[in-house]
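J.: In full-length UniProt numbering, the protein residues as written are 1 to 109. Backbone N, C-alpha and C fix where the C-beta goes; we use that ideal spot for every residue, glycine too. Sharing a structure with you now.
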Amino acid sequence: MATAKDILETDIPAVLKEKPELAKDLNAIINFDISGEGGGKWTLDATKSEGWVTEGLHDAPKMAVSVSNDDFVKIREKKLNAQMAAMQGKLKFKPMDMGLAMKLAKLLG
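The following block contains the structure:
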């Protein structure tokens with residue numbers, strides 16, 4: 001079964017290698033705080049040309065995302081709609097920047 005670690009450390013870098021325009025479009029530092037079993041803290045730096053994801057929370061993020069490992073995996077596997085998850089309070093963005101959240105959704109989708 002996939003975990004947030006797999007998604008953040010393997011899937012996302014693979015997507016960004018394949019579609020560098022997504023990183024260029026995002027062009028931000030985003031912190032992920034994933035709770036529960038398989039969770040942890042990661043930083044996605046889409047301002048760089050490689051080495052996008054590092055473990056731990058770094059720098060001054062443009063946005064912080066908090067979600068449980070289970071919900072994060074469900075969103076990635078399209079078993080949970082990200083907008084619904086956000087409306088139900090399962091997926092939190094600080095600050096709530098819809099433009100940035102939508103760009104992030106493209107990367108995770």
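Just to confirm before moving on: does the CB-CB distance between Ile12 and Leu44 stay below 8 Å?
T.: Closer than 8 Å, so yes.
J.: Is Asn81 closer than 8 Å to Ile34 when the C-beta atoms are compared?
T.: Contact: no.
J.: Name the DSSP beta bridge partners of Gly35, please?
T.: Before going on, a small fix: residue 35 reads as Ser here, not Gly. Ser35 is bridged to Ser68.
J.: Does the beta-carbon distance from Leu91 to Val67 come in below 8 Å?
T.: A contact, by the Cβ cut-off of 8 Å.
J.: Between Ala46 and chain B, is there a C-beta pair that is closer than 8 Å?
T.: Among the chains of the structure shown, chain B does not appear; only one protein chain is present.
J.: Buried or exposed: which applies to Ala46, given that a residue is buried once 16 or more other Cβ atoms fall within 10 Å of its Cβ?
T.: So Ala46 ends up on the buried side.
J.: In its own chain, which residues sit with a C-beta less than 8 Å from the C-beta of Pro61, not counting the 5 before and 5 after it?
T.: So the qualifying residues of the chain are Ala28, Ile29, Ile30, Asn31 and Thr43.
J.: Taking 7 Å as the limit between beta carbons, can you name the residues of its chain near Lys5, skipping five residues before and five after?
T.: Same-chain partners within the cutoff: Gly38 and Gly40.
J.: If you draw a straight line from the C-alpha of Pro20 to the C-alpha of Phe72, how long is it?
T.: Roughly 22 Å between the two C-alpha positions.
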